[in-house]
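Notes for the one structure printed next.
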Amino acid sequence: MKTFTLYRVNSHTKSVNFILNADDESLNNAEMFSRLIASMITFSFDDMLIQLEQFRTRYERLKTFSAKTIEYITKGKDVNSVLTNEYLVLSEKEDNFFAKYYLEKLWEIYTVGRKNLNKITGFVTNAMTNSGEEKAYRSQLNGIVAEMEQLIITDWFYNHIPDTSQKIIQEDIGYVVLRGNGINEMYRTTELSLLPFLYEYSFCISSIGMKVYECCYCHKHYLSVGNNICCGDEKCLSQKKKDIRKGKKDEFSDIKKGYCGYVRGLKHKLTEAKKSEYAIDLFTDAQNKAEKYVSNAIEEYRDSGKRPDADFDDVITSAKNAMRKLTNRLYKMSDSATEEIYCKMVEGEILFEVDMLVLK
């Protein structure tokens with residue numbers, strides 16, 4: 002019974018789904034259907050891009066293996082045993098979706114071909130070497146190699162509207178609707194080639210305006226409608242957030258440094274005028290309250306990820322104005338008046354002026 006692959010490209014969730022080794026029986030048997038759904042493989046668009054790029058590093062190894070399948074398909078048991086061991090090693094180690102897929106397809110064609118071409122003795126006679134059936138199996142194996150070569154073309158990764166000469170691509174694509182177990186989804190089917198999937202994947206990326214960018218942290222490529230500096234990996238996003246906060250911290254720190262310098266200048270004015278210790282204590286108390294008001298505003302902006310804006314400027318301006326008005330008042334007041342205000346403030350009989358002006 003022929004098997005086929007189901008795939009689905011979802012532009013809304015920016016993900017792709019694969020169901021491998023499906024057949025008519027599994028789609029019409031409840032128990033087998035449940036196992037089929039459980040075996041579904043899902044990739045995000047970014048993960049699919051990584052899988053494609055990774056495949057480029059696995060291609061030469063697969064190309065060497067495929068050449069052996071083409072050569073050994075009519076050879077005896079000894080070479081078949083060697084190739085079988087090589088296949089088992091590759092299959093166990095391979096973790097790339099595309100490399101694994103094509104490895105299994107090569108092996109499937111090879112083993113079916115040997116079974117059909119071999120005599121009861123288990124090896125192919127010279128008389129069958131040039132048979133049409135043998136050529137057909139070799140052609141299928143060569144077709145897999147040709148398709149793998151298509152996947153390593155740069156256009157698949159970086160240019161979804163190729164500048165190469167225009168051509169019309171027609172593939173034999175079927176449809177399967179999966180209904181049951183809480184799902185109702187339509188999948189496309191392909192018996193062997195993954196090119197129909199790649200064409201649709203590329204079209205989907207192009208249609209929603211996504212482009213390929215390089216993450217500035219892990220240097221992996223990712224897809225986005227705009228350059229977000231980094232990919233969606235949690236570590237990269239966390240580092241991006243830290244960098245943003247660090248940048249904001251420096252920005253806010255400069256603003257606070259300027260504000261504190263302004264207030265120190267006001268205090269120096271009172272010191273130069275030789276104002277009493279009561280006046281200086283009044284100013285210091287107000288200075289601490291106003292600075293706390295500014296610091297709270299800075300923390301609020303940092304926590305929300307906001308940059309300084311007009312509202313934040315109003316916070317700094319109101320704090321400066323309050324301290325300036327208080328300085329002018331203390332500068333003009335006599336020492337006895339400032340002592341009286343200080344005493345009342347300590348006794349809690351009056352609300353200090355900076356509370357009225359700043360801590361509204």
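Residues are numbered in our numbering as their position in the sequence shown, beginning at 1, plus a constant of 1. Every residue gets a Cβ at the ideal spot worked out from N, C-alpha and C, and that includes glycine. Computed from a predicted model, the values in this text were never measured in an experiment.
Terminal residues of the beta strand (DSSP E) in which residue i lies
| i | result |
| --- | --- |
| residue 16 | 16-23 |
| residue 45 | 42-45 |
Host alpha helix (DSSP H) of residue i (start-end)
| i | result |
| --- | --- |
| residue 303 | 278-305 |
| residue 196 | 196-208 |
| residue 37 | 31-39 |
| residue 9 | No alpha helix (DSSP H) contains residue 9, which is instead part of the beta strand (DSSP E) from 5-11. |
| residue 92 | 78-94 |
| residue 319 | 311-333 |
| residue 147 | 133-152 |
| residue 274 | Per DSSP, residue 274 belongs to no alpha helix (DSSP H) and is neither H nor E. |
| residue 115 | 98-118 |
Beta-carbon proximity check, residue i vs residue j, cutoff 8 angstroms
| i | j | result |
| --- | --- | --- |
| residue 363 | residue 20 | Because the chain is modelled from 2 through 361, residue 363 falls outside the range shown and cannot be assessed. |
| residue 103 | residue 38 | no |
| residue 332 | residue 270 | yes |
| residue 55 | residue 97 | yes |
| residue 320 | residue 302 | no |
| residue 153 | residue 88 | no |
| residue 200 | residue 17 | no |
| residue 277 | residue 336 | yes |
| residue 284 | residue 268 | yes |
| residue 324 | residue 226 | no |
| residue 7 | residue 177 | yes |
| residue 221 | residue 232 | yes |
| residue 261 | residue 300 | no |
| residue 115 | residue 143 | no |
| residue 151 | residue 196 | yes |
| residue 298 | residue 316 | yes |
| residue 339 | residue 280 | yes |
Anticipated Cβ contact below 8 angstroms, residue i with residue j, distance rounded
| i | j | result |
| --- | --- | --- |
| residue 193 | residue 106 | 6 angstroms |
| residue 22 | residue 4 | 5 angstroms |
| residue 256 | residue 309 | 6 angstroms |
| residue 53 | residue 224 | Between residue 224 and residue 53 the Cβ distance is about 11 angstroms, and since that is not below 8 angstroms, they are no contact. |
| residue 219 | residue 234 | 6 angstroms |
| residue 74 | residue 9 | At roughly 34 angstroms, the Cβ-Cβ gap does not stay under 8 angstroms, so residue 74 and residue 9 are not in contact. |
| residue 95 | residue 101 | 5 angstroms |
Through-space distance from residue j to residue i, alpha-carbon basis
| i | j | result |
| --- | --- | --- |
| residue 334 | residue 328 | 10 angstroms |
| residue 12 | residue 206 | 8 angstroms |
| residue 69 | residue 28 | 35 angstroms |
| residue 322 | residue 238 | 40 angstroms |
| residue 275 | residue 313 | 34 angstroms |
| residue 76 | residue 148 | 25 angstroms |
| residue 25 | residue 36 | 14 angstroms |
| residue 135 | residue 85 | 19 angstroms |
| residue 258 | residue 272 | 21 angstroms |
| residue 1 | residue 175 | There is simply no residue 1 to check, as the chain begins at 2 and stops at 361 in what is shown. |
| residue 14 | residue 132 | 49 angstroms |
| residue 213 | residue 187 | 28 angstroms |
| residue 30 | residue 111 | 29 angstroms |
| residue 307 | residue 63 | 51 angstroms |
| residue 71 | residue 83 | 14 angstroms |
| residue 198 | residue 311 | 51 angstroms |
| residue 211 | residue 230 | 14 angstroms |
| residue 209 | residue 67 | 37 angstroms |
| residue 46 | residue 93 | 26 angstroms |
| residue 373 | residue 183 | Outside the modelled stretch of the chain, which goes from 2 to 361, sits residue 373, for which no answer is possible. |
| residue 245 | residue 215 | 18 angstroms |
| residue 141 | residue 65 | 16 angstroms |
| residue 180 | residue 304 | 46 angstroms |
| residue 58 | residue 185 | 37 angstroms |
| residue 366 | residue 236 | Because the chain here runs from 2 to 361, residue 366 falls outside it and cannot be looked at. |
| residue 350 | residue 290 | Low confidence applies to residue 350: its pLDDT is 46, below 50, so where it sits in the model is not reliable, and the reading given next is rough at best. About 18 angstroms. |
Identity of the residues DSSP links to residue i by a beta bridge
| i | result |
| --- | --- |
| residue 222 | 215 |
| residue 190 | 7, 175 |
Chain D within 8 angstroms of residue i, Cβ atoms only
| i | result |
| --- | --- |
| residue 268 | Judged by its chain identifiers, the structure shown contains no chain D, having just a single protein chain. |
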